[in-house]
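Chains as they are written, first to last, in the numbering used here: chain A, 1 to 84; chain B, 85 to 254.
In this text, a Cβ means the ideal position worked out from N, Cα and C, and glycines have one as well.
Owing to the predicted nature of the structure, the values given are computational and were not obtained by experimental measurement.
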């Protein structure tokens with residue numbers, strides 16, 4: 001059970017709704033609720049904003065494909081034994 | 085990156101990379117084999133490893149476990165299979181091994197796989213892409229763990245219905 005109560009998208013301000021729309025586009029998936037991590041990152045835009053932009057820069061097109069980078073991300077998550 | 089086969093390949097790279105890093109980082113007290121005095125089968129094995137790595141010495145762990153050449157040969161057979169071109173290219177597998185090494189704080193593994201990435205043609209931009217992904221997801225995972233988030237994205241990946249290699253279709 002999460003340490004905090006995860007708010008629904010409706011409980012966030014309008015600026016966060018734009019972030020949730022970007023999250024849907026990023027994953028190309030229509031979530032019933034934005035992923036928990038998206039909602040966590042939207043809690044404090046002062047942290048979530050630059051953190052998200054750094055992630056997008058790292059995951060964007062380059063020498064490796066987005067798919068390859070998703071696999072690297074999965075490997076890092078697995079090695080960190082992160083269930084999420 | 086669909087289909088389970090490439091994920092099995094990635095898992096092999098993760099496992100064998102960690103195994104070799106464990107040896108390289110933890111078995112220094114054994115000392116590397118001395119090729120001048122080691123048995124011929126160990127010399128042949130190390131020569132095969134050098135050939136696979138374009139003349140370089142290969143993962144440093146092998147010179148430590150080569151004190152038992154028969155054991156090292158089996159580990160090498162698994163490693164060669166895991167790191168070779170298959171569904172995933174060798175160049176990308178070195179990037180995975182680099183990410184594993186950085187994440188597990190294996191300085192020797194990170195150094196070795198960084199040099200292999202470069203040898204296989206990954207430029208500085210590509211290196212920094214892998215550094216960025218590794219670092220950012222090292223952050224996401226710890227935030228998720230701290231807040232004990234429950235998985236909620238498993239459903240976006242398609243299920244691969246194909247059988248195991250050589251197995252009958254369900």
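Where residue i sits in the DSSP three-state scheme
i	result
residue 24 (chain A)	helix
residue 96 (chain B)	helix
residue 4 (chain A)	coil
residue 111 (chain B)	coil
residue 12 (chain A)	coil
residue 31 (chain A)	coil
residue 85 (chain B)	coil
residue 165 (chain B)	helix
residue 234 (chain B)	coil
residue 253 (chain B)	coil
residue 146 (chain B)	helix
Under 7 Å between C-beta atoms of residue i and residue j
i	j	result
residue 279 (chain B)	residue 166 (chain B)	Limits of chain B in this structure are 85 at one end and 254 at the other, which puts residue 279 (chain B) out of reach.
residue 43 (chain B)	residue 198 (chain B)	Residue 43 (chain B) is absent from the structure shown; chain B starts at 85 and stops at 254.
residue 79 (chain A)	residue 218 (chain B)	no
residue 25 (chain B)	residue 60 (chain A)	Absent from the model: residue 25 (chain B). The displayed extent of chain B is 85 to 254, so no value can be given.
residue 148 (chain B)	residue 123 (chain B)	no
Cβ neighbour criterion (16 or more within 10 Å) applied to residue i
i	result
residue 108 (chain B)	buried
residue 177 (chain B)	buried
residue 40 (chain A)	buried
residue 223 (chain B)	exposed
residue 101 (chain B)	buried
residue 142 (chain B)	buried
residue 1 (chain A)	exposed
residue 252 (chain B)	exposed
Inter-residue spacing [alpha-carbon to alpha-carbon] between residue i and residue j
i	j	result
residue 119 (chain B)	residue 36 (chain A)	55 Å
residue 65 (chain A)	residue 43 (chain A)	30 Å
residue 52 (chain A)	residue 185 (chain B)	24 Å
residue 98 (chain B)	residue 76 (chain A)	9 Å
residue 229 (chain B)	residue 49 (chain A)	20 Å
residue 68 (chain A)	residue 85 (chain B)	7 Å
First through last residue of the alpha helix (DSSP H) which encompasses residue i
i	result
residue 219 (chain B)	208 to 230
residue 178 (chain B)	174 to 187
residue 130 (chain B)	124 to 136
residue 201 (chain B)	191 to 203
residue 243 (chain B)	Note, residue 243 (chain B): premise wrong, no alpha helix (DSSP H); not H, not E.
residue 47 (chain A)	45 to 59
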